[in-house]
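Beneath this line is the structure, given in structure tokens, with notes to follow.
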Amino acid sequence: MTRSIALIDCNNFYVSCERVFNPQLVGKPVVVLSNNDGCVVARSNEVKAQGVRMGQPWFQLNNLAKQHGIVAYSSNYPLYADMSNRVMGMLATFSPDIEVYSIDECFLDFSGFKTQDLTLYSQHIRQKIKQWIGLPVCVGIGATKTLAKLANYLAKNNPEFNGVCNFSVMMPQQQNDWFSQIAVSEVWGIGRNLTPKLHQQGIHTVLDLKQANPASMRSRFSVIIEKTIREINGIVCIELEEMAAAKKQIVSSRSFGAPVSDLASLEQAVSLYVNCAVEKLRRQQSYASTLFVSIRTSPFNKKAAYYKNGLTIPLPMQTDNIKLLTKAALWGLRKIYRKGYKYQKAAVVLSELVSANNRQSDFFDSELSGCKSDKLMNIISKINAIMGKGTLKLASEGYRQPWKLRQSNKSSSYTTNWNELIHVTK
DNA sequence: ATCACGGTTTGCA
DNA sequence: CTAACGTGCAAACCGTGAT
Numbered sequence: 004m005t006r007s008i009a010l011i012d013c014n015n016f017y018v019s020c021e022r023v024f025n026p027q028l029v030g031k032p033v034v035v036l037s038n039n040d041g042c043v044v045a046r047s048n049e050v051k052a053q054g055v056r057m058g059q060p061w062f063q064l065n066n067l068a069k070q071h072g073i074v075a076y077s078s079n080y081p082l083y084a085d086m087s088n089r090v091m092g093m094l095a096t097f098s099p100d101i102e103v104y105s106i107d108e109c110f111l112d113f114s115g116f117k118t119q120d121l122t123l124y125s126q127h128i129r130q131k132i133k134q135w136i137g138l139p140v141c142v143g144i145g146a147t148k149t150l151a152k153l154a155n156y157l158a159k160n161n162p163e164f165n166g167v168c169n170f171s172v173m174m175p176q177q178q179n180d181w182f183s184q185i186a187v188s189e190v191w192g193i194g195r196n197l198t199p200k201l202h203q204q205g206i207h208t209v210l211d212l213k214q215a216n217p218a219s220m221r222s223r224f225s226v227i228i229e230k231t232i233r234e235i236n237g238i239v240c241i242e243l244e245e246m247a248a249a250k251k252q253i254v255s256s257r258s259f260g261a262p263v264s265d266l267a268s269l270e271q272a273v274s275l276y277v278n279c280a281v282e283k284l285r286r287q288q289s290y291a292s293t294l295f296v297s298i299r300t301s302p303f304n305k306k307a308a309y310y311k312n313g314l315t316i317p318l319p320m321q322t323d324n325i326k327l328l329t330k331a332a333l334w335g336l337r338k339i340y341r342k343g344y345k346y347q348k349a350a351v352v353l354s355e356l357v358s359a360n361n362r363q364s365d366f367f368d369s370e371l372s373g374c375k376s377d378k379l380m381n382i383i384s385k386i387n388a389i390m391g392k393g394t395l396k397l398a399s400e401g402y403r404q405p406w407k408l409r410q411s412n413k414s415s416s417y418t419t420n421w422n423e424l425i426h427v428t429k
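Counted the way this note's numbering counts, the first sequence spans residues 4 to 429.
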């Protein structure tokens with residue numbers, strides 16, 4: 004049976020979220036910046052038209068921003084996460100089979116639905132999400148996830164589709180016409196490194212890739228590209244994954260708001276990152292076997308000396324205990340710390356994760372795995388979940404945090420914090 | 001010659 | 001006033017020592 008898979012993608016998601024609560028921004032050039040107000044991570048159409056690239060450092064855009072009056076927001080992740088949950092919750096009512104792919108994208112399996120009805124059904128979905136949440140979305144439909152992604156790309160970039168492109172009702176010849184107009188780099192899984200290599204092979208458009216030989220492309224590149232080619236030809240190789248698989252590795256890394264030289268500040272930052280990683284670890288009910296801690300100076304600063312180092316620490320037992328993990332991380336940090344450098348970033352990685360039911364119990368079952376501290380951990384997690392992140396924390400995180408993120412223009416957390424709701428009326 | 005390993009780099013979104 | 005460039009994950013790769 005031919006499948007029908009839809010990809011629903013929010014337009015310029017972060018920018019659109021800001022516009023919901025600040026409608027004067029509609030029609031104006033708006034960007035949202037990454038952590039530390041470093042790079043552009045979301046652009047309104049007006050900004051894209053100016054040639055601003057995804058991931059471009061904000062400081063490089065000073066002149067252009069002044070010239071065109073570009074409004075820049077610091078990223079407000081609590082707001083975007085909450086808006087995303089609302090969208091996903093609504094989408095789940097339109098099909099029983101759903102994969103939340105990213106904060107702004109979602110696959111719905113419409114297999115078994117009448118393909119002729121899907122375009123109208125998708126228009127209905129768009130209209131409801133606009134009406135109830137305020138966000139604009141586009142829908143792409145195809146026989147595979149890769150085709151759904153491509154259909155979505157067409158829906159986004161060609162007004163004649165009115166936000167919905169359905170390959171399932173399109174003639175093959177017409178599909179190929181579109182494919183011949185889309186650059187191969189737009190295909191899901193074809194990134195900036197594969198693109199020039201494909202160009203060398205004479206593959207420039209999606210149609211070129213569709214007609215390439217999957218087997219020989221596999222031997223030349225990888226199995227990934229073989230799957231991609233087959234998917235463009237309508238053969239499902241990438242299944243819908245309704246249950247998010249447990250992560251094999253959990254990373255918490257962040258750049259500092261200002262360079263840091265003293266060990267004490269690094270210790271605070273690393274403690275916070277361990278906290279953050281452990282929250283994720285416990286949410287997926289896993290235990291870590293090793294912890295990796297690393298620090299580095301800025302690779303961009305040519306005037307100051309560069310230094311980076313990291314250390315993998317095997318843990319005496321599989322654990323989710325924040326005290327034990329913090330202790331290990333700080334021990335590692337002190338090993339790799341060198342005086343006299345301006346550090347810009349630290350990271351904590353938990354790996355060799357095992358899920359709760361596969362966990363090996365410790366023969367000696369010491370206090371570390373025992374009930375006492377586990378109970379304390381559970382209580383800390385619960386209180387933080389109810390009262391807000393960071394309500395309770397280990398003292399090693401520190402009270403004043405001069406190294407914390409720069410966020411010079413963050414909007415209010417309108418939907419997740421009562422105290423910030425007031426700003427809506429100001 | 002081949003494998004398992006760990007650590008590092010690459011690639012992608 | 002100046003300097004200022006993200007994060008998270010997995011797969012691929014690569015050197016090493018063991019078999």
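Glycine included, C-beta positions come from ideal geometry on N, C-alpha and C. All values derive from a computational prediction rather than experimental measurement.
Inset, instruction - Answer yes if the segment 103-116 comes into contact with the segment 59-68, meaning at least three C-beta pairs across the two stretches below 8 angstroms, and no otherwise. - result: no
Inset, instruction - Go ahead and pull the three-state DSSP assignment for glutamine 347. - result: Taking the first sequence and counting its residues from 1, one reaches residue 347 at position 344. Strand.
Inset, instruction - Look at lysine 348 and serine 264 and say whether their C-beta atoms are less than 8 angstroms apart. - result: Residue 348 sits at position 345 when you count from the first residue of the first sequence. Residue 264 sits at position 261 when you count from the first residue of the first sequence. In this structure, serine 264 does not lie closer than 8 angstroms to lysine 348 by Cβ.
Inset, instruction - Starting from phenylalanine 2, follow the beta strand (DSSP E) in both directions and report where the run begins and ends. - result: This structure leaves residue 2 out entirely; the chain is present only between 4 and 429.
Inset, instruction - Consult DSSP for tyrosine 417 and reduce its assignment to one of helix, strand or coil. - result: Within the first sequence, numbered from 1, the residue matching residue 417 stands at position 414. Tyrosine 417: coil per DSSP, three-state reduction.
Inset, instruction - Would you be able to state if there are at least three C-beta pairs under 8 angstroms between the segment 228-247 and the segment 319-336? - result: no
Inset, instruction - Select from Phe182, Arg409 and Ser384 the residue whose C-alpha is nearest the C-alpha of isoleucine 235. - result: The residue given as residue 235 occupies position 232 in the first sequence. Among Phe182, Arg409 and Ser384, the Cα nearest to that of isoleucine 235 is on Phe182.
Inset, instruction - Label tyrosine 309 either buried or exposed according to how many other C-beta atoms from any shown protein chain fall within 10 Å of its C-beta, with 16 as the threshold for buried. - result: Position 306 of the first sequence, counted from the start, is the residue given in the question as residue 309. The residue in question, tyrosine 309, is exposed, as its Cβ has fewer than 16 Cβ neighbours within 10 Å.
Inset, instruction - Compute the distance between the beta-carbons of leucine 138 and isoleucine 144, then report whether it is under 8 angstroms. - result: Here residue 138 corresponds to residue number 135 of the first sequence, with the count starting at 1. Here residue 144 corresponds to residue number 141 of the first sequence, with the count starting at 1. Not closer than 8 angstroms, so no.
Legend entry - For cysteine 13: DSSP bridge partner residues: Indexing the first sequence from 1 puts residue 13 at position 10. Paired residue(s): Val140.
Inset, instruction - Indicate, with yes or no, if the ligand NAD has a heavy atom lying under 7 angstroms from the CB of aspartate 112. - result: The ligand NAD is not part of this structure, which contains no ligands at all.
Inset, instruction - Specify the secondary structure class of glycine 373 as computed by DSSP and reduced to three states. - result: Numbered from 1 along the first sequence, position 370 holds the residue referred to as residue 373. With a pLDDT of 43 at glycine 373, under the threshold of 50, the modelled position of this residue cannot be trusted, and the question is left open.
Inset, instruction - Under the assumption that leucine 408 contacts asparagine 79 (Cβ atoms under 8 angstroms), give the Cβ distance between them as a whole number of angstroms. - result: Start at 1 with the first residue of the first sequence, and residue 408 comes out as number 405. Start at 1 with the first residue of the first sequence, and residue 79 comes out as number 76. That belief does not hold up - the Cβ atoms of leucine 408 and asparagine 79 are roughly 12 angstroms apart, past 8 angstroms.
Inset, instruction - Give the secondary structure of phenylalanine 259 by DSSP, where H, G and I count as helix, E and B as strand, and everything else as coil. - result: For this step, residue 259 is matched to residue 256 along the first sequence. Three-state DSSP puts phenylalanine 259 in a strand.
Inset, instruction - Check whether the segment 248-257 touches the segment 280-287, counting contact only when three or more Cβ pairs, one atom from each stretch, lie closer than 8 angstroms. - result: yes
Legend entry - Alpha-carbon to alpha-carbon, threonine 418 and isoleucine 8: Position 5 of the first sequence, counting from 1, holds the residue named residue 8. Position 415 of the first sequence, counting from 1, holds the residue named residue 418. Going by the C-alpha atoms only, they are around 31 angstroms apart.
Inset, instruction - Measure the alpha-carbon distance for serine 372 versus glutamine 288 and round it to whole angstroms. - result: Residue numbering aside, residue 372 sits at position 369 when the first sequence is read from its first letter. Residue numbering aside, residue 288 sits at position 285 when the first sequence is read from its first letter. With a pLDDT of only 46 at serine 372, under the threshold of 50, the placement of this residue in the model should not be trusted; the figure read from the coordinates follows. Using only the alpha carbons, I get a separation of about 14 angstroms.
Legend entry - Contained alpha helix (DSSP H) runs [length at least 4] in the segment 208-270, N- to C-terminal order: 209-213, 217-223 and 226-235
Inset, instruction - Measure the C-alpha to C-alpha separation of glutamine 204 and asparagine 165 and round it to an integer number of angstroms. - result: As a first step, residue 204 must be located in the first sequence, where it is residue number 201. As a first step, residue 165 must be located in the first sequence, where it is residue number 162. So the two alpha carbons sit approximately 35 angstroms from each other.
Inset, instruction - Quickly, what does DSSP pair cysteine 279 with across the bridge? List them, please. - result: Working through the first sequence from its first residue, we reach residue 279 at position 276. Partner(s): none; cysteine 279 has no beta bridge.
Legend entry - Any beta strand (DSSP E) of 3 or more consecutive residues that is wholly inside the segment 96-161: 101-105, 108-112 and 140-145
Inset, instruction - Tell me where the beta strand (DSSP E) around isoleucine 298 begins and ends. - result: As a first step, residue 298 is located in the first sequence; it is residue number 295 there, counting from the start. Segment 289-300, the beta strand (DSSP E) holding isoleucine 298.
Legend entry - Three-state secondary structure (DSSP) of serine 354: Locating residue 354 in the first sequence gives position 351, counting from the first residue. Serine 354: strand per DSSP, three-state reduction.
Inset, instruction - Could you tell me how far apart the beta carbons of valine 33 and valine 43 are, in whole angstroms, since I believe they sit closer than 8 angstroms? - result: Residue mapping note: residue 33 aligns to position 30 of the first sequence, counting from 1. Residue mapping note: residue 43 aligns to position 40 of the first sequence, counting from 1. With a Cβ gap of about 11 angstroms, valine 33 and valine 43 do not count as contacting.
Inset, instruction - Taking all protein chains shown into account, decide if asparagine 422 is buried (16 or more other Cβ within 10 angstroms of its Cβ) or exposed. - result: Position 419 of the first sequence holds residue 422. Answer is exposed; the Cβ neighbour count stays below 16.
Inset, instruction - Please check the pair valine 142 and valine 167, which I expect to be a contact at CB under 8 angstroms, by giving their CB distance rounded to whole angstroms. - result: As a first step, residue 142 is located in the first sequence; it is residue number 139 there, counting from the start. As a first step, residue 167 is located in the first sequence; it is residue number 164 there, counting from the start. About 5 angstroms; that satisfies the 8 angstroms criterion.
Inset, instruction - Rounded to whole angstroms, what's the CA-CA distance from leucine 269 to threonine 96? Just pull it up for me. - result: Taking the first residue of the first sequence as 1, we reach residue 269 at position 266. Taking the first residue of the first sequence as 1, we reach residue 96 at position 93. Between leucine 269 and threonine 96, the C-alpha separation is close to 46 angstroms.
Inset, instruction - Can you have a look at valine 55 and say buried or exposed, based on whether 16 or more other CB atoms are within 10 angstroms of its CB? - result: The residue labelled residue 55 in the question sits at position 52 within the first sequence. Valine 55 is buried by the Cβ-count criterion.
Inset, instruction - Kindly indicate the opening and closing residues of the beta strand (DSSP E) around threonine 322. - result: Looking up residue 322 in the first sequence gives position 319. First-last of the beta strand (DSSP E) with threonine 322: 311-322.
Inset, instruction - Assuming leucine 243 contacts leucine 294 (C-beta within less than 8 angstroms), just tell me the rounded distance between them. - result: Looking up residue 243 in the first sequence gives position 240. Looking up residue 294 in the first sequence gives position 291. At roughly 34 angstroms, the Cβ-Cβ gap does not stay under 8 angstroms, so leucine 243 and leucine 294 are not in contact.
Inset, instruction - Can you say whether asparagine 160 is buried or exposed, counting buried as having 16 or more other CB atoms within 10 angstroms of its CB? - result: Taking the first sequence and counting its residues from 1, the one referred to as residue 160 is at position 157. Classification of asparagine 160: exposed, given that the 10 Å Cβ count is below 16.
Legend entry - Cβ-Cβ separation, alanine 146 to asparagine 169 (assumed contact under 8 angstroms), whole Å: For the purposes of this step, residue 169 is taken as the residue at position 166 of the first sequence. For the purposes of this step, residue 146 is taken as the residue at position 143 of the first sequence. About 11 angstroms; that fails the 8 angstroms criterion.
Legend entry - Cutoff 6 angstroms; reference arginine 46; Cβ partners in own chain excluding five residues on either side: To locate residue 46, count along the first sequence from 1; it is residue 43. Answer for arginine 46: Val34 and Val55, listed in chain order.
Legend entry - Coarse secondary structure for asparagine 387, derived from DSSP in three states: To locate residue 387, count along the first sequence from 1; it is residue 384. In this structure, asparagine 387 counts as helix in the three-state DSSP scheme.
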